[in-house]
Each structure stands twice: as structure tokens, then as C-alpha cells.
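Participant: In the numbering used here, the protein residues as written are 1244 to 1328.
Let me give you the structure first, and then I'll get to my questions.
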């Protein structure tokens, strides 16, 4: 699965956002994670926000299987449910 990641600007991070991606890499083989390029197509888009404001612009990026907006480390379970879905 190819996952595209769009980070927010990080102006008010409440947690270490990269920990979610590091954990995902450790727990799942066959997942490739890329920083989003608007001309690329990914299976899943993760919008990785540092706080609950989720103010990053992401309307024009879409994944084949969808898009998830994560704003805390607790959202990791939402990501796993989506992947294992």
C-alpha cells in the first residue's frame, strides 16, 4: 500500500507526529510512505495534523481508498482500523 502523507505547518504541535509513521512502518510490511506530491496518486492519504485545529489545506488531494485526518496519537487506532478494514 502506498500512503501519501500531508503534514500541517506544525505551528502548535501537541505530539510528535512522526511517531505515528514510525510505528506504522514497524508494524506493517508492504507499506510505503511518501510526502504528498499533488501530481501523484496514492492508495491512502494521511493528513497529519499536530493539533485539533487541522487547518492544513487538503481538499485537492485524494487517495484511491480514501483520506484520513489524524490530529493526535490516539488516532493511530483509526488508521489501523482503516488499513485492516
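Cβ atoms here follow ideal geometry from the backbone N, Cα and C, with glycine treated the same way.
Output yes or no for whether 9 Å exceeds the beta carbon distance between residue 1305 and residue 1326.
Facilitator: For residue 1305 and residue 1326, no; Cβs fall outside 9 Å.
Participant: Looking at C-beta atoms only, is the number of pairs between the region 1272-1282 and the region 1311-1320 that lie closer than 8 Å three or more?
Facilitator: Result no; under three Cβ-Cβ pairs closer than 8 Å.
Participant: Alpha carbon to alpha carbon, what distance is there between residue 1292 and residue 1302?
Facilitator: Between residue 1302 and residue 1292, the C-alpha separation is close to 14 Å.
Participant: Tell me whether residue 1260 is buried or exposed, calling it buried when 16 or more other Cβ atoms sit within 10 Å of its Cβ.
Facilitator: Counting Cβ neighbours within 10 Å, residue 1260 comes out buried, since at least 16 surround it.
Participant: Taking the Cβ atom as the reference point for each residue, do residue 1297 and residue 1251 lie within a distance shorter than 9 Å?
Facilitator: Taking 9 Å as the Cβ cut-off, residue 1297 and residue 1251 qualify as a contacting pair.
Participant: Hey, how far is the Cα of residue 1262 from the Cα of residue 1310?
Facilitator: Each residue's alpha carbon lies about 19 Å from the other.
Participant: Between the C-alpha atoms of residue 1258 and residue 1295, what's the straight-line distance to the nearest angstrom?
Facilitator: Straight-line Cα distance between these residues: approximately 11 Å.
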